[in-house]
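Quick mapping for you: the protein sequence lines, in order, are chains B and G.
Letter 46 of the first sequence, counting from 1, is numbered 210 in this note's numbering, and no numbers are missing.
Letter 37 of the second sequence, counting from 1, is numbered 201 in this note's numbering, and no numbers are missing.
The block underneath contains the structure these notes are about, expressed in structure tokens.
2 protein chains.
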Amino acid sequence: MKALTIGRLSELTGVKVVTIRYYESVGLLPPPPRTEGNRRFYGQADVDRLVFIRRSREFGLSSEAIKSLLTLELNQKQPCHSAIHIAQEHLKEIEHRIMELDALAGYFRVILDRCTGERVDTCPILVALRGNT
Amino acid sequence: MKALTIGRLSELTGVKVVTIRYYESVGLLPPPPRTEGNRRFYGQADVDRLVFIRRSREFGLSSEAIKSLLTLELNQKQPCHSAIHIAQEHLKEIEHRIMELDALAGYFRVILDRCTGERVDTCPILVALRGNT
DNA sequence: GTACTTTCTATAGTGACTATAGGAGCAAGG
DNA sequence: CCTTGCTCCTATAGTCACTATAGAAAGTAC
């Protein structure tokens, strides 16, 4: 397991260099050891952890949720109820957001369908936004 | 049409006082006239405009999109092609986001379903996030 | 040895607000 | 008239999850 520069870690994980440093500053990544010239160097564990973080972020989890999951990860033999809880709560949020967006998209489709592109004062889009529908 | 304080405008529109001042600072609302004691006062036009802004924000439109729509509103007899364009683009974004979230929710449901709550090291939620699924 | 790239720190900017501090105006009760 | 308490004022900083920029030092490639 050879040492990785921050740039190499970035390539391997798809997380930008600046973002890696940012993750360190907010405590998602531990401060790595440094070379003589003060450069950070990383190992396989950092790759794993960073991929975990990246995927969690892609799933829309907040930093705090990710920190909880990362803490969980340290105790492999414990039960994972916290993970279930975090995932369930997050799923609820996602489902809620989908419902909202579905309603919104439906509404947009209706008013776009109605709009003939003629005049601003009768435009159903603008009428809708004005609130005097 | 009597003059409204910022607090009354806030009540009528459901937009917080601080947010009204914020909207003024970013140019979504014109700076209103002031009383002798330097308080802002508003009229019906401000209520209408603010409701328009609030509804547009609820629809997830950005400040810039709202500014374009508000400019449009000033020319009631012009055709409303810009409004159509903004609405279409936004609908596309919403639909894209819905697809992403649907996929995400499905994935969460699968891994939650699989999770027996036993141990961290075998927890399907954490396995999924680790990326070695 | 020089030119280029990567990395370093520190700071500021993004969007769309929200929160806080410290004053000043104003309406109502005593 | 005066105090109490609410609303309002400005200005500044904080939120989240980054992104961008500046200026300097270190490493690499020819």
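Note that CB positions come from ideal geometry on N, CA and C, so glycine has one too.
Please read these numbers as outputs of a predicted model, since none were measured by experiment.
Task: Residue span of the alpha helix (DSSP H) that contains residue 274/B, given as start and end - done: It spans 245-278 - the alpha helix (DSSP H) in which residue 274/B sits, taken as one unbroken run.
Task: In DSSP terms, what residue 204/B is bridged to - done: Note: residue 204/B sits in a beta bridge opposite 198/B.
Open item on the list: For residue 240/G, would you say it is in contact with chain B, using Cβ-to-Cβ distances shorter than 7 Å as the test?
Closed with: Judged by the 7 Å Cβ criterion, residue 240/G is in contact with chain B.
Open item on the list: Just to confirm my understanding: we take residue 292/G, look at its own chain, exclude 5 residues before and 5 after, and list those with CB closer than 6 Å. What are they?
Closed with: Here the set comprises 275.
Task: For residue 279/G and residue 288/G, the rounded distance between their alpha carbons - done: Taking the straight line from one Cα to the other gives about 6 Å.
Task: Range covered by the alpha helix (DSSP H) that runs through residue 241/G - done: First-last for residue 241/G: undefined, no H or E at that position.
Open item on the list: Rounded to the nearest angstrom, what separates residue 210/B and residue 272/G at their Cα positions?
Closed with: Spanning the two alpha carbons is a distance of roughly 25 Å.
- [ ] Would you mind sorting residue 167/G into buried or exposed? The rule is 16 or more other CB atoms within 10 Å of its CB.
- [x] By the C-beta density criterion, residue 167/G is exposed, having fewer than 16 other C-beta atoms within 10 angstroms.
Open item on the list: Restricting to Cα atoms, I'd like to know which of 225/B, 270/B, 169/B is closest to residue 257/B.
Closed with: Check the Cα spacing between residue 257/B and each of 225/B, 270/B, 169/B: the tightest is with 225/B.
- [ ] Using alpha carbons as the reference points, say which of 251/G, 231/G, 217/G lies closest to residue 268/B.
- [x] Out of 251/G, 231/G, 217/G, 251/G has the C-alpha closest to the C-alpha of residue 268/B.
- [ ] Can you check DSSP and say which residues form a bridge with residue 168/B?
- [x] 206/B, per the DSSP bridge assignment.
- [ ] Figure out for me which residue from 191/G, 283/G, 183/G, 179/G has the closest Cα to the Cα of residue 238/B.
- [x] It is 283/G whose Cα lies nearest to the Cα of residue 238/B.
Task: Contact under 7 Å by Cβ, residue 254/B with residue 281/G - done: Using a Cβ distance threshold of 7 Å, residue 254/B and residue 281/G do not count as a contacting pair.
Task: Own chain partners of residue 227/B with C-beta closer than 7 Å, once the 5 adjacent residues on each side are dropped - done: Around residue 227/B: 190, 192.
Open item on the list: Along the segment 180-195 of chain G, where does the CB come closer than 8 Å to a CB of chain B? Name the residues.
Closed with: So the list is empty, because no residue satisfies the distance condition.
- [ ] Using a threshold of 7 Å, state whether the C-beta atoms of residue 217/B and residue 230/B are closer than that.
- [x] A contact, by the Cβ cut-off of 7 Å.
- [ ] State the DSSP-derived secondary structure class of residue 231/B, mapped to helix, strand or coil.
- [x] Looking at residue 231/B - three-state DSSP - the assignment turns out to be helix.
Open item on the list: Can you pull out the residues from the segment 209-236 of chain G whose beta carbon lies closer than 8 Å to at least one beta carbon of chain B?
Closed with: Cβ contacts with chain B come from 212, 215, 216, 219, 220, 223, 224, 233, 236.
TODO: Evaluate residue 185/B with the Cβ neighbour count: other Cβ atoms within 10 Å of its Cβ, from every protein chain shown; 16 or more gives buried, anything less gives exposed.
DONE: Exposed.
Open item on the list: Contact criterion: CB-CB distance below 7 Å. Does residue 289/B meet it with respect to chain G?
Closed with: Output row for residue 289/B: interface = yes.
Task: Exposed unless 16 or more other CB atoms sit within 10 angstroms - verdict on residue 182/G - done: Label assigned to residue 182/G: exposed.
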